[in-house]
Amino acid sequence: MKRFPDKFLWGGAVAANQVEGAYLDDGKGLSTSDVQPEGIFGPVINRSGDESYTKDVAIDFYHRYPQDISLFAEMGFTCLRISIAWARIFPQGDEQQPNEAGLAYYDRLFDELERHNIQPVVTLSHYEMPWGLVQNYGGWGNRKVIEFFQRYARTLFERYSRRVKIWLTFNEINMSLHAPLTGVGLPQDSSLAQIYQAIHHQLVASALVVKACHELVPEGKIGNMLLGGLMYPLSCQPDDVFETLQQNRRWLFFGDVQCRGAYPGYMQRYFRENNIKLEISEQDRAALRQTVDFISFSYYMTGCSTADQASHEAQRGNIMSMIPNPHLKSSEWGWQIDPVGLRTLLNMLWDRYQKPLFIVENGLGAKDKVEADGSINDDYRISYINDHLVQAREAIDDGVELMGYTSWGPIDLVSASKAELAKRYGFIYVDRDDQGNGTLARSRKKSFYWYQDIIKSHGEKL
Ligand code: BGP
1 MKRFPDKFLW
11 GGAVAANQVE
21 GAYLDDGKGL
31 STSDVQPEGI
41 FGPVINRSGD
51 ESYTKDVAID
61 FYHRYPQDIS
71 LFAEMGFTCL
81 RISIAWARIF
91 PQGDEQQPNE
101 AGLAYYDRLF
111 DELERHNIQP
121 VVTLSHYEMP
131 WGLVQNYGGW
141 GNRKVIEFFQ
151 RYARTLFERY
161 SRRVKIWLTF
171 NEINMSLHAP
181 LTGVGLPQDS
191 SLAQIYQAIH
201 HQLVASALVV
211 KACHELVPEG
221 KIGNMLLGGL
231 MYPLSCQPDD
241 VFETLQQNRR
251 WLFFGDVQCR
261 GAYPGYMQRY
271 FRENNIKLEI
281 SEQDRAALRQ
291 TVDFISFSYY
301 MTGCSTADQA
311 SHEAQRGNIM
321 SMIPNPHLKS
331 SEWGWQIDPV
341 GLRTLLNMLW
351 DRYQKPLFIV
361 ENGLGAKDKV
371 EADGSINDDY
381 RISYINDHLV
391 QAREAIDDGV
401 ELMGYTSWGP
411 IDLVSASKAE
421 LAKRYGFIYV
431 DRDDQGNGTL
441 ARSRKKSFYW
451 YQDIIKSHGE
461 KL
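Laid out in structure tokens, this is it:
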């Protein structure tokens, strides 16, 4: 099979706080992302109002979306994944009534997408929540936040149900273990028990809004979103193999709850052995039985795992303390490039859940060079995405049901981990640097024309 299916969704993915800027416009409240201007692992900054950070303006998508969407249309996108900034809709998080100006902004955005026949894929919460909910309630550590999240989600479902049919709950929900403030609104030094309790609240909230989506959005589909953190055993030593299974379960657990509707036995043992006692009511258990319609995930790299804990300790600071794979090359940021791992992961998730899959993030962060004539020859990005798409196509041939592919950052944006613009992912270049220089003008990179060709040929030109 050379072609992707005709109904396959082609597009790109962005997140509100990494593109919009306009961080206080039209009544928006501060979000967790605004007080963590150095990225998802960075410290919390008390803002006085005089400072300025890269994310405050980001790429000014808030004002420039018509131009950006027309460039996406030129590439042939059939979908665009965006997120809604919760603090634009409920500035403090606990209001009874939504902020009309915030809702109206996304109306205009969806109008524009509709004009270009681009279907929106909307994440309810992409690495942010209203800062007010953290300050006044303790973030997801507080059960009350489930109620506020439901109010927020129902507001969106009611308002946008005609135009938005594909929804995602929490971006990379499993990242809460590594960046608690970003994920669940808890301080970085929270205990595992506190983090898992907050995650439990989030899992219940996720299940409840899946139900609400089915009630309020005719023909709507709603999925979860996982960081696809596939680990390989560093050796075939049986202890390494078993430890790798356990490491993979640390993140697959989220998928197990969201797709199978209950806490798996291996997690109950983990909680027992780590003295983690969760408050889970009968009502919570009933809510969790509502499972997602499909699974979406990000995929950038793989890593290795071993039973030798000291080797993992030495990798602290790396995402999930992954140990480098000697068979793979890395990006400039040390992310190991592994297209075949994508095929493995797609098959693994399909075997495990038998629910449709959606690759909603994949791409290469790199430093681009603008030539004297303005051109940008990003062959490295083309080859990264090409090789991953080839493997996605193989997985479809293996029998995996794959809904679509949205590259991460089809336009340059602010990175989540370091909050920098120097790490570029786009097919579209944005003239801006981390010192705030540049006109914010957009230009097409070589990869722009390549992706256009791939979409047009339904992947035949890979
Ligand atoms: C994922 C996040 C995105 C995105 C991407 C790339 O984890 O969902 O928000 O940013 O990773 O990471 P980075 O921006 O740190 O390069």
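Residue numbers (the UniProt record's numbering): 1 to 462.
Every residue gets a Cβ at the ideal spot worked out from N, C-alpha and C, and that includes glycine.
N-terminal and C-terminal residue of the beta strand (DSSP E) that residue i is part of
| i | result |
| --- | --- |
| M403 | L402 to W408 |
| S443 | R442 to R444 |
| K221 | K221 to L227 |
| E361 | L357 to E361 |
| T123 | Q119 to S125 |
| I295 | F294 to S298 |
| Y137 | Here Y137 belongs to no beta strand (DSSP E); instead the alpha helix (DSSP H) covers W131 to Y137. |
| M231 | M231 to P233 |
| F170 | I166 to F170 |
| S305 | G303 to S305 |
| L9 | L9 to A13 |
For residue j and residue i, believed in contact at Cβ under 8 Å, the rounded distance
| i | j | result |
| --- | --- | --- |
| G409 | V14 | 7 Å |
| residue 468 | R442 | Only positions 1 to 462 of the chain appear in the structure, and residue 468 is not among them; the question remains open. |
| I222 | V292 | 6 Å |
| W335 | M301 | 4 Å |
| Q197 | G141 | 7 Å |
Alpha-carbon spacing of residue i relative to residue j, whole angstroms
| i | j | result |
| --- | --- | --- |
| D25 | S48 | 17 Å |
| I359 | F72 | 18 Å |
| F4 | E74 | 20 Å |
| D338 | V241 | 19 Å |
| Q194 | G132 | 19 Å |
| W86 | G228 | 24 Å |
| L226 | I173 | 6 Å |
| D60 | S52 | 14 Å |
| P43 | P187 | 10 Å |
| G303 | M322 | 5 Å |
| A262 | M175 | 20 Å |
| R272 | G265 | 11 Å |
| D368 | R444 | 12 Å |
| H126 | F297 | 13 Å |
| F253 | L421 | 33 Å |
| R424 | I84 | 22 Å |
| Y232 | L349 | 15 Å |
| L357 | A372 | 42 Å |
| G374 | F448 | 14 Å |
| Y105 | F41 | 29 Å |
| D398 | Q391 | 10 Å |
| E279 | Q202 | 13 Å |
| H458 | A287 | 40 Å |
| Y405 | A179 | 26 Å |
| D56 | K2 | 43 Å |
| Y451 | E332 | 22 Å |
| L345 | L230 | 7 Å |
Run of the alpha helix (DSSP H) containing residue i, from where it starts to where it stops
| i | result |
| --- | --- |
| P180 | P180 to V184 |
| E394 | D379 to D397 |
| A207 | L192 to L216 |
| W251 | P238 to R260 |
| F427 | Segment: none, F427 is in no alpha helix (DSSP H) and carries neither H nor E. |
| T155 | K144 to Y160 |
| W350 | P339 to Y353 |
| L288 | E282 to L288 |
| residue 464 | Outside the shown range of the chain, which is 1 to 462, sits residue 464, and nothing can be said about it. |
| A310 | Q309 to E313 |
| F271 | G265 to E273 |
Check: residue i C-beta below 8 Å from any heavy atom of ligand 2
| i | result |
| --- | --- |
| Q18 | For the structure depicted, ligand 2 is absent and the ligand set comprises only ligand 1. |
Buried or exposed (CB count within 10 angstroms, at least 16 for buried), residue i
| i | result |
| --- | --- |
| G255 | buried |
| residue 478 | No answer is possible for residue 478: the residues shown for the chain start at 1 and end at 462. |
| N274 | exposed |
| I146 | buried |
| D379 | exposed |
| P37 | buried |
| N117 | exposed |
| P91 | buried |
| E128 | buried |
| P130 | buried |
| P238 | exposed |
| P326 | exposed |
| L79 | One detail in the question is off: residue 79 reads as Cys in this sequence, not Leu. By the neighbour-count rule (16 or more Cβ atoms within 10 Å), C79 is buried. |
| N224 | buried |
| A205 | buried |
> In the stretch 52-117, which residue ranges form an unbroken alpha helix (DSSP H) of at least 4 residues, counting only runs that do not cross its ends?
Replying inline: 54-57, 61-75, 86-89 and 100-115
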